[in-house]
Amino acid sequence: MIIVSQSVEEILSLSARKFSEEDIEKLEKAYRLAVYAHEGKYRESGEPFVTHPVEVCKILAQMNVDIETLIAALLHDVVEDSDGKVKLEDIEKEFGKQIVRIVDGVTKVSRLNAPVGASDSRLKLETIQKMLFAMAEDIRVIFVKLADRLHNMRTIEYVKDESKKAYKALETLEIYAPIAHKLGIYSIKWELEDLSFKVLHREEYNMIKSLVAEKKKEREQRIKEYIETLKAALLEHDIVATVEGRFKHYYSIWQKLKEKGKDFSEIYDLFGVRAIVEDIPTCYTVLGIVHSIWKPLPGRIKDYIAAPKSNGYRSLHTTVITGYGEPLEVQIRDKQMHAEAEYGLIAHWIYKEGINVKVMQKWVTQLLEWRKELAKDLAGVEDLKKELQMDEVFVFTPKGEIKHLPVGATPIDFAYAVHTDIGHRFAGAKVNGKLVPINYQLQNGDIVEIIVNKSGPRPSLDWLKYAKSPRTKAKIRKFFREQLRNELIDRGKEVVRKVARRLSRSIEEILESDVVKKYLQGQGISEEEFFCRIGEGTITFGDLLNLLKPFSEKQKEKIQKKPKNTSLLSEIEVSGVKNIELRLAKCCSPIPGDEIVAIASRRGMSVHKVNCPNLKGVPVERIFSATWNTATQRYYEATLIVELRDKSLIGKIIQSLENIGVIIEKAEFQTTRWNYSIATIRVHVKNLAHFEEARKIISQLEGVVNVERG
1 MIIVSQSVEE ILSLSARKFS EEDIEKLEKA YRLAVYAHEG KYRESGEPFV THPVEVCKIL
61 AQMNVDIETL IAALLHDVVE DSDGKVKLED IEKEFGKQIV RIVDGVTKVS RLNAPVGASD
121 SRLKLETIQK MLFAMAEDIR VIFVKLADRL HNMRTIEYVK DESKKAYKAL ETLEIYAPIA
181 HKLGIYSIKW ELEDLSFKVL HREEYNMIKS LVAEKKKERE QRIKEYIETL KAALLEHDIV
241 ATVEGRFKHY YSIWQKLKEK GKDFSEIYDL FGVRAIVEDI PTCYTVLGIV HSIWKPLPGR
301 IKDYIAAPKS NGYRSLHTTV ITGYGEPLEV QIRDKQMHAE AEYGLIAHWI YKEGINVKVM
361 QKWVTQLLEW RKELAKDLAG VEDLKKELQM DEVFVFTPKG EIKHLPVGAT PIDFAYAVHT
421 DIGHRFAGAK VNGKLVPINY QLQNGDIVEI IVNKSGPRPS LDWLKYAKSP RTKAKIRKFF
481 REQLRNELID RGKEVVRKVA RRLSRSIEEI LESDVVKKYL QGQGISEEEF FCRIGEGTIT
541 FGDLLNLLKP FSEKQKEKIQ KKPKNTSLLS EIEVSGVKNI ELRLAKCCSP IPGDEIVAIA
601 SRRGMSVHKV NCPNLKGVPV ERIFSATWNT ATQRYYEATL IVELRDKSLI GKIIQSLENI
661 GVIIEKAEFQ TTRWNYSIAT IRVHVKNLAH FEEARKIISQ LEGVVNVERG
């Protein structure tokens with residue numbers, strides 16, 4: 001008989017599995033290694049660090065995972081937190097390749113940190129990508145990681161750093177809970193959401209907790225009555241079943257209050273009833289009994305047994321009206337379905353037979369597809385986070401194949417779900433034999449037939465307005481990105497080449513510089529991608545100038561700035577005034593060709609355009625007429641305000657300005673509410689005629705809406 005520690009005994013007692021003596025011995029060995037590795041280390045709660053992997057292991061034991069997952073849970077932190085005492089090679093030697101692969105996968109996901117210069121969206125994308133990749137390699141990596149995050153969230157009150165606490169809670173809510181949802185592990189998903197909600201919105205959390213507590217007794221009595229009613233009806237039909245109540249979680253209540261704009265008293269589906277029976281035929285029998293007790297609501301029967309969700313979830317759902325006149329959702333499933341509903345793909349991993357293995361393999365394939373499609377699609381990050389927790393509709397191909405799509409999906413989503421090439425050649429759709437518009441929202445059970453363009457792929461950017469699935473959007477963006485990529489790269493190269501020429505450098509020197517290398521590394525992009533982003537305007541001209549500031553600092557003398565003080569005396573003549581300090585007013589930035597006046601002050605005289613708004617209210621005796629000396633040869637500062645339909649036009653604008661000798665100092669962008677872009681471009685020109693030439697050339701470019709002087 002094997003003697004095991006108390007911690008291992010507790011772990012084993014939580015699992016319904018029967019492990020061999022050899023497995024138990026390995027688990028005990030893993031526990032002892034964890035104790036050794038974490039010796040002398042403590043959590044912020046003051047507990048020995050080893051309590052954390054033990055608790056993670058307990059969470060997974062309750063889900064009846066295999067012995068490899070339990071061992072990996074005990075060892076998931078030993079490489080990172082043992083001060084080098086334990087290495088991956090040691091784990092492989094003692095426990096084998098499977099376990100070391102899981103431990104290494106968890107370690108890699110845990111190491112996710114923001115690279116230098118990375119945006120918040122890019123970090124979220126990287127996190128999701130690596131989690132998807134880890135799942136595709138061995139889905140047990142994510143089982144351990146979810147349990148790890150769950151225990152950390154259960155003990156997050158001990159974290160003293162409030163910003164760290166908030167970051168972890170937000171990451172949990174935006175990434176870990178949706179992943180748990182997509183995997184169908186609802187027991188973890190709901191708890192992660194509530195724990196994150198408590199950290200991020202404590203006042204709202206306490207308010208909802210208080211509101212729920214106020215009517216707790218009344219609701220418990222009501223649910224007890226519904227359970228007894230259903231139990232009695234089932235007994236009359238000799239049906240053995242477990243009937244239980246379920247209550248809505250705090251976060252989902254808050255979401256409903258926020259999204260629907262409802263008052264708490266208007267939310268009726270705070271609880272429901274669940275019947276767990278022996279087999280599938282009995283599920284349908286129970287559905288009929290439920291409808292004989294309470295009146296079913298039309299359109300609210302969902303058969304996820306005949307058409308399971310993409311994560312394998314199976315159950316019958318029906319919403320009925322009770323004798324109290326309130327809606328009640330009843331869920332009906334068998335025991336295996338219930339295990340799958342609680343633990344999602346973990347249950348599929350456990351029951352390694354028939355359909356479950358197929359479901360698992362389908363999911364792994366889908367994960368790899370997602371990772372590939374989203375590799376460069378930052379615009380899809382928010383959409384992906386939403387889809388991970390979206391409800392689904394199921395529709396059919398004309399041959400009867402089921403396709404799962406997000407609620408609100410349109411025919412264009414269906415076309416791309418069938419095949420990318422079918423999506424690219426989309427020309428129309430028939431639903432249930434009738435032609436429908438592209439914005440038609442697909443309903444459960446629809447039979448969809450896609451009409452394809454026989455002449456080849458002809459996607460439209462307008463399709464992005466109608467697509468609901470982020471995978472559809474990613475495929476459309478990818479098509480246009482690849483079509484335009486070479487053109488964008490060439491355009492970007494030309495922009496960098498011109499900037500390099502201004503800085504008296506070669507393009508090779510710019511690319512080999514430390515500042516550019518560090519930028520590329522921080523963004524995780526290649527030189528080719530760098531050029532592409534410049535060409536499309538994702539990296540703006542202003543961004544490029546800021547990046548190359550170290551070079552431009554050395555080249556400042558090449559841009560002739562305004563001469564100080566009396567140097568303007570040779571360029572501007574002021575009537576009746578000699579040898580006094582002159583300066584060009586920044587409010588209107590006059591240039592040769594503008595009608596000008598000079599304003600006297602204690603500090604000398606400032607030169608303004610005659611129509612400068614700041615002249616209003618200036619006493620007449622302080623205003624002097626002034627004229628330009630036509631012999632002036634230097635450059636003067638001016639500003640172009642350009643309204644664009646597309647930021648990527650900046651490449652053409654820069655090229656056009658450079659061609660006529662305009663020097664560009666800086667460019668900044670802002671987006672209007674109509675999704676146009678406003679570019680504010682600081683330039684240096686010789687005179688008004690030079691400026692007007694620049695304005696005219698830009699205004700003739702396709703996609704430029706308006707050009708004004710700033």
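Sequential numbering from 1 applies to the sequence shown in UniProt numbering. We put the beta carbon where it would ideally sit given N, CA and C, even for glycine. Everything numeric in this text was worked out from a predicted model, so none of it was measured.
Range of the contiguous beta strand (DSSP E) that encloses residue i
i           : result
M63         : M63 -> no beta strand (DSSP E), and no H or E assigned at all.
Q700        : That residue, Q700, is in no beta strand (DSSP E); it is neither H nor E in DSSP.
I451        : 448–452
residue 714 : Nothing about residue 714 can be read from this structure; the chain reaches only from 1 to 710.
G604        : 604–609
Q331        : 327–334
I596        : 596–601
E512        : Not the beta strand (DSSP E): E512 falls in the alpha helix (DSSP H), residues 507–512.
Assigned secondary structure, residue i (DSSP; H/G/I helix, E/B strand, else coil)
i           : result
L649        : helix
S526        : coil
R425        : coil
F541        : helix
G710        : coil
residue 713 : Residue 713 is absent from the model: the chain starts at 1 and stops at 710.
E92         : helix
V618        : coil
L640        : strand
T680        : strand
N- and C-terminal bounds of the alpha helix (DSSP H) containing residue i
i           : result
D77         : Counting along the chain, D77 falls outside any alpha helix (DSSP H), and DSSP gives it neither H nor E.
V395        : V395 -> not in any alpha helix (DSSP H); beta strand (DSSP E) instead, spanning 392–396.
F247        : That residue, F247, is in no alpha helix (DSSP H); its beta strand (DSSP E) goes 242–247.
K231        : 216–236
S13         : 6–14
residue 713 : There is simply no residue 713 to check, as the chain begins at 1 and stops at 710 in what is shown.
Q443        : Where Q443 is concerned, there is no enclosing alpha helix (DSSP H), given that its DSSP letter is neither H nor E.
Beta-carbon proximity of residue i to residue j, cut-off 8 Å
i    : j    : result
V56  : H38  : no
D194 : Y158 : no
I239 : V290 : no
I650 : F531 : no
Y416 : K475 : yes
K248 : L270 : yes
A626 : V683 : no
A689 : G593 : yes
I156 : K168 : yes
L316 : D334 : no
Sequence-distant residues of the same chain with beta carbon closer than 8 Å to residue i, five excluded per side
i    : result
Q555 : Note that Q555 scores a pLDDT of 45, beneath 50, so its modelled location is shaky; the value from the coordinates is reported in the next line. R502, L503, S504.
N614 : A585, C587, C588, H608
K231 : A241, V243
W254 : F197, H201, E204, Y205, I208
P459 : G423, H424, F426, I476, F479, F480
A379 : Any reading at A379 must be qualified, since the residue scores a pLDDT of 45, below 50, and its modelled position is unreliable; the value itself is stated next. For A379, where only same-chain residues beyond five positions count, the Cβ hits under 8 Å are K473, R477.
Own chain partners of residue i with C-beta closer than 7 Å, once the 5 adjacent residues on each side are dropped
i    : result
L151 : The amino acid at residue 151 is misidentified as Leu; the sequence shows His. Once the five neighbours on either side are set aside, the close Cβ partners of H151 are H52, E55, V56, I59.
S469 : E387, L405, P406, A409, D413
R645 : Y676, G703, V705
I580 : G604, M605
K549 : none
Own chain, CB closer than 6 Å to residue i, minus 5 neighbours either side, in chain order
i    : result
S187 : E342
A307 : F394, I402
L215 : Looking at the sequence provided, one finds Lys at residue 215 rather than Leu. Counting only Cβ-Cβ distances below 6 Å, and skipping sequence neighbours, we find nothing.
L173 : S196
R695 : V707
Where residue i falls, given that 16 or more other Cβ within 10 Å makes a residue buried
i    : result
I698 : buried
T420 : buried
N687 : buried
T318 : buried
G524 : exposed
V65  : buried
E392 : buried
S45  : exposed
Q331 : buried
K18  : exposed
H338 : buried
Any chain C beta carbon closer than 8 Å to residue i
i    : result
T318 : Within the model displayed, chain C is absent; a lone protein chain is all it includes.
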